[in-house]
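Reviewing the structure listed below.
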């Protein structure tokens, strides 16, 4: 059974950093792209970024709103994906979800399995 | 970026009703469209991908159709567990974008 579990969410002050982890099980992690989405309180879903599998170069893509501040990485030996968030802003406050990519076209994937979500609150 | 719109924004329905939700893309996306269901406080779940392919384990009362710019999600006979928000998402081009969601609630 596929399972994704995020951790690392917290309350942080603007300008600070935070790293989220996404621990995967139930599938061959290294074979799949992993995507991060977020959802601000009471709002819709927003794509944050994704990382391709090593077979496709392991490269990353980011939303314009986070590019240069957020970094996605992966450790296939541990089946973990990471979202490093620097220079956090109040508008980054959201529940962050990691997802497994099913079929991908360019930087866009269907997300067939989602983690439970992890709340990041950026506030002074 | 491709803009996704959904209609209606909300619909009130009864158990057993047939419900149809429409999603429109601002430009053609072939069949690169997914539908997700989200219940309060929970993560979204994939229902349909490639516009009409049911994800594993999703009940057959859910169906999807369309291609190009216009898509529909149909619930043939609404069940109590179907009351939720439904989102469409295009995966044709970068960045992936979502519709604003359609809330299905109890009449």
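Protein chains in written order, with this note's numbering: chain A, 1 to 124; chain B, 1001 to 1107. By construction, the Cβ of each residue, glycine as well, lies at the ideal position given by its N, Cα and C atoms.
| Asked | Found |
| --- | --- |
| Roughly how many angstroms separate the alpha carbons of residue 1042 of chain B and residue 1085 of chain B, rounded to a whole number? | 11 Å |
| Roughly how many whole angstroms lie between the Cα atoms of residue 1030 of chain B and residue 1069 of chain B? | 8 Å |
| Cβ of residue 1052 of chain B within 7 Å of any heavy atom in the ligand NAD? | As for the ligand NAD, it is missing from this structure, which has no ligand bound. |
| Could you tell me whether any Cβ in chain B is nearer than 8 Å to the Cβ of residue 67 of chain A? | no |
| In the DSSP assignment, find the beta strand (DSSP E) that holds residue 36 of chain A and state where it starts and stops. | 34–39 |
| Short check: CB of residue 61 of chain A to CB of residue 50 of chain A, under 8 Å? | yes |
| Can you list, in chain order, the residues of its chain whose CB lies under 6 Å from that of residue 23 of chain A, leaving out five sequence neighbours each side? | 5 and 80 |
| Using a Cβ distance threshold of 8 Å, determine whether the region 1002–1009 of chain B contacts the region 26–41 of chain A, with at least three qualifying pairs required. | no |
| Along the region 1045–1073 of chain B, where does the CB come closer than 9 Å to a CB of chain A? Name the residues. | 1045, 1046, 1049, 1050, 1055 and 1056 |
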